[in-house]
Structures are given as C-alpha cells and as structure tokens.
Amino acid sequence: MLLRFVTCSCRHACLGVSWMRSSPWRTAIHTQKVACRTFSNRTFRPMKALSANMALLKEEAMDKLLGPDGIPLDIYLLRQTNVIWKFDDENSLKKWEVSTDKEIGGKSEASISLGKSGRTLLFQGSLNTEPARDGKVRYSGYSTLRSKRVKGSFGKSKHYDWSPFNVLHLRVRGDGRPLMVFIIVENFFSLHDDDLYNYFIYTRGGPYWQDVKIPFSKFFLSSRGRIQDAQSAMWLDKVNGLGITMGDQVSGPFKFEIDFIGIAIDPAHSEHFAYELYGKAK
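Residues 22 to 303 (the numbering used here) make up the sequence shown, in order.
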C-alpha cells in the first residue's frame with residue numbers, strides 16, 4: 022500500500038491511499054475528483070453571492086453619500102419630475118408582474134409588453150365579470166399590474182424614500198376606462214400586509230397622452246379591498262412599490278399604456294391628508 026497526495030483536475034490537493042496499478046485505485050481517484058468538483062462548486066456559489074451583495078451594498082452607500090441614483094440631493098430635489106419607472110427595454114418589464122381573477126377561478130386575462138415605440142409599457146387584456154361557480158365567490162373581473170419588491174444587499178428589504186415629494190406623476194394613455202392606482206408601504210405588523218393606499222385614474226381615451234398628477238394626501242387607506250373607517254396618512258419614507266388595477270365591472274377588452282411613473286414637488290400643495298381622522302371613543 023502506498024500513501025501519497027494526488028492532485029485532481031480541480032487543482033485541490035487530495036490525500037489518496039492506493040494499491041499501485043489496481044482497479045480500486047482508479048475508482049478511488051474518480052470518486053475523489055467528483056468530490057473535489059462538488060466542493061469547488063459549493064465554495065464558488067457563496068463567493069458569487071457575496072460579490073453580488075457587496076455590489077449592492079456599494080450602490081446603497083453611494084446613494085447615501087451622493088444622493089438617489091448617484092444624483093446630488095439638491096439637483097434631485099430641484100428636478101421637475103424624478104422618474105422612478107421608465108420603460109425603455111424588455112428588462113424594464115421584468116420589474117413588473119401581472120395578476121388576474123384567475124387566482125379565484127375567474128376568466129379575465131391580461132399581459133404586458135412594450136408599446137409600438139418600444140419605449141412604453143402596454144398593459145392590455147380582457148375583463149370577464151362572470152364569477153366562479155363555486156358558491157363562494159360573488160364578484161369577479163379584475164386585472165392588476167404591480168411592481169416587484171426590490172431587494173437590497175444581503176437580502177434586506179429596500180424601500181423608496183418619497184418623503185421630500187408630495188405628488189405622484191404618471192404619463193399615460195388609456196381607452197376611456199377608469200383604473201385604480203395603489204401604493205404599497207412598509208408596515209410593522211404582518212396583520213397590515215394587505216393595507217394599500219388608493220386613488221383613481223380617469224383616462225380620456227383617444228391617441229393623446231395625459232399627465233396625471235395625484236397628491237399623496239389624496240390616497241385613502243384600504244385593506245383587502247375595503248375602505249377603512251380609521252384612515253391615516255401614508256408613510257412616504259418606506260414605500261415598497263406601486264400598482265394599477267383595472268376592475269370597473271365592465272366585461273370586455275381594455276388597453277392602458279404608460280410612458281413613465283415618477284414623483285414631483287408641487288409648491289402650491291400644502292395639504293397633509295385630505296380625509297378626516299376619526300379617533301377611538303374613550
């Protein structure tokens with residue numbers, strides 16, 4: 022028996038015990054090579070993840086030092102509209118997801134794609150208000166476009182800080198049907214994960230674009246589709262995302278095109294919250 026070090030193709034030094042010129046020796050070498058390659062892959066994956074997370078951490082640090090997206094804060098605040106979502110290519114569509122009432126047995130359909138110019142998002146489909154015949158669902162007919170949650174370094178939740186701004190600005194083109202825009206904010210308790218802040222978009226129809234500017238103070242609180250009696254202002258420093266819902270209870274095709282979604286400052290608007298804040302009886 023000969024005790025010696027054997028160097029595998031994966032460039033790791035492996036300790037092998039062999040009988041010279043024997044079949045068990047060749048089997049041991051093959052087994053050792055497979056084991057070393059597995060060890061190498063397991064080592065490479067964490068290093069790749071660490072490298073990606075360090076890049077995200079660097080980006081977060083630069084945002085803190087220089088300003089959002091590397092733009093100095095004074096310039097960022099003075100811009101007329103700060104675009105959050107722009108749709109220039111197919112990669113920009115990957116930041117969004119579509120859901121319909123098929124999740125509850127409905128028949129509505131929806132999809133997203135780039136517009137004819139290749140620089141807009143086209144949200145289109147067909148609503149079907151016929152509810153599922155399961156004896157549980159009473160109403161149906163909706164399609165929702167929603168931004169995906171952004172993750173920071175090392176799996177941390179990343180939020181948008183819109184607190185310096187007071188207006189949501191969308192440049193859109195619709196077919197005359199109304200939609201609802203909602204904003205998702207961070208909550209302390211999982212009980213409030215279904216809380217959304219909502220407002221309406223009324224499209225004119227036709228070939229012309231319209232600029233929709235909605236003050237954040239106009240958004241009202243709802244939970245699981247029901248407007249809440251106890252309202253509260255939105256926390257703009259921890260925004261998780263935004264979505265748009267088509268659900269006007271009219272069966273038929275719909276089409277909604279978005280040029281960009283951004284935030285802006287309106288110096289003439291000083292309202293904090295547009296709705297009465299009812300307190301609990303003592």
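Ideal Cβ placement from N, Cα and C applies to all residues, glycine included.
All figures in this text were calculated on a predicted structure; none of them were measured in a lab.
Rounded distance between the beta-carbons of residue j and residue i, thought under 8 Å
i: Ile279; j: Leu191; result: 7 Å
i: Ile205; j: Gly262; result: 5 Å
i: Ser238; j: His293; result: 6 Å
i: Ser129; j: Asn149; result: 5 Å
i: Trp183; j: Val260; result: 5 Å
i: Lys115; j: Ser168; result: About 11 Å; that fails the 8 Å criterion.
i: Phe186; j: Asn219; result: So it is not a contact: roughly 18 Å between Cβ atoms.
i: Val188; j: Ala289; result: Contact flag wrong, Cβ pair sits at about 10 Å.
Separation of residue j from residue i, as counted between CA atoms
i: Lys123; j: Gly146; result: 13 Å
i: Leu242; j: Ala254; result: 8 Å
i: Ser291; j: Pro67; result: 49 Å
i: Lys177; j: Arg170; result: 11 Å
i: Tyr151; j: Gly127; result: Here residue 151 turns out to be Glu, not Tyr, going by the sequence shown. Computed Cα separation, rounded: 7 Å.
i: Glu111; j: Leu135; result: 7 Å
i: Phe203; j: Thr266; result: 8 Å
i: Phe281; j: Phe108; result: 7 Å
i: Ile50; j: Ala76; result: Confidence is the limiting factor: at Ile50 the pLDDT is only 47, short of 50, which leaves the residue's position unreliable and the question unanswerable from this model.
i: Asp232; j: Lys69; result: 43 Å
i: Asp215; j: Phe209; result: 12 Å
i: Arg247; j: Leu71; result: 43 Å
i: Ser244; j: Met201; result: 14 Å
i: Arg154; j: Glu118; result: 27 Å
i: Pro236; j: Ala295; result: 10 Å
i: Arg225; j: Lys234; result: 15 Å
i: Phe144; j: Leu166; result: 8 Å
i: Asp258; j: Ser113; result: 24 Å
i: Leu298; j: Gln249; result: 11 Å
i: Asp287; j: Trp256; result: 18 Å
i: Gly227; j: Gly283; result: 23 Å
i: Gly162; j: Gly264; result: 17 Å
i: Tyr229; j: Ser164; result: 23 Å
i: Glu207; j: Pro199; result: 27 Å
i: Leu78; j: Gln252; result: 36 Å
i: Glu80; j: Thr102; result: 22 Å
i: Ala73; j: Lys172; result: 12 Å
i: Asp212; j: Ala82; result: Looking at the sequence itself, residue 212 is Leu, so the reference to Asp does not match. Going by the C-alpha atoms only, they are around 32 Å apart.
Per-residue DSSP class, three states only, for residue i
i: Met267; result: strand
i: Pro288; result: coil
i: Val55; result: Low local confidence applies: a pLDDT of 46 at Val55 is under 50, so the model's placement there is unreliable, with the coordinate-based value given in what follows. Val55: helix per DSSP, three-state reduction.
i: Asn149; result: coil
i: Arg179; result: Going by the sequence as given, residue 179 is Lys instead of Arg. Looking at Lys179 - three-state DSSP - the assignment turns out to be coil, as it is neither helix nor strand.
i: Phe60; result: Its pLDDT being 47, under 50, Phe60 is placed unreliably by the model, and the measurement read from it follows with that caveat. Note: Phe60 maps to helix in three-state DSSP.
i: Arg66; result: helix
i: Ala114; result: One point to set straight first is that residue 114 is Leu, not Ala, in the sequence displayed. In the structure shown, Leu114 sits in a helix (DSSP, three-state: H, G or I).
i: Ser272; result: coil
i: Lys123; result: helix
i: Cys35; result: Confidence in Cys35 is poor, its pLDDT being 42 and thus under 50, which makes the residue's placement too unreliable to answer from.
i: Leu78; result: helix
i: Leu71; result: helix
i: Lys137; result: coil
i: Leu257; result: coil
i: Phe294; result: coil
i: Asp280; result: strand
i: Thr165; result: strand
i: Lys107; result: strand
i: Lys172; result: strand
i: Ser132; result: strand
i: Gly262; result: strand
So, do the stretch 189 to 205 and the stretch 265 to 283 have three or more beta carbon pairs nearer to each other than 8 Å?
yes
Using a Cβ distance threshold of 8 Å, determine whether the stretch 107 to 127 contacts the stretch 152 to 166, with at least three qualifying pairs required.
yes
Taking contact to mean 3 or more Cβ pairs, one atom from each stretch, closer than 8 Å, check whether the stretch 257 to 273 and the stretch 133 to 140 are in contact.
no
Which ranges would you report for the beta strand (DSSP E) in the stretch 184 to 249 if only whole runs of at least 3 residues count?
188 to 195, 199 to 206, 216 to 223, 231 to 236 and 241 to 244
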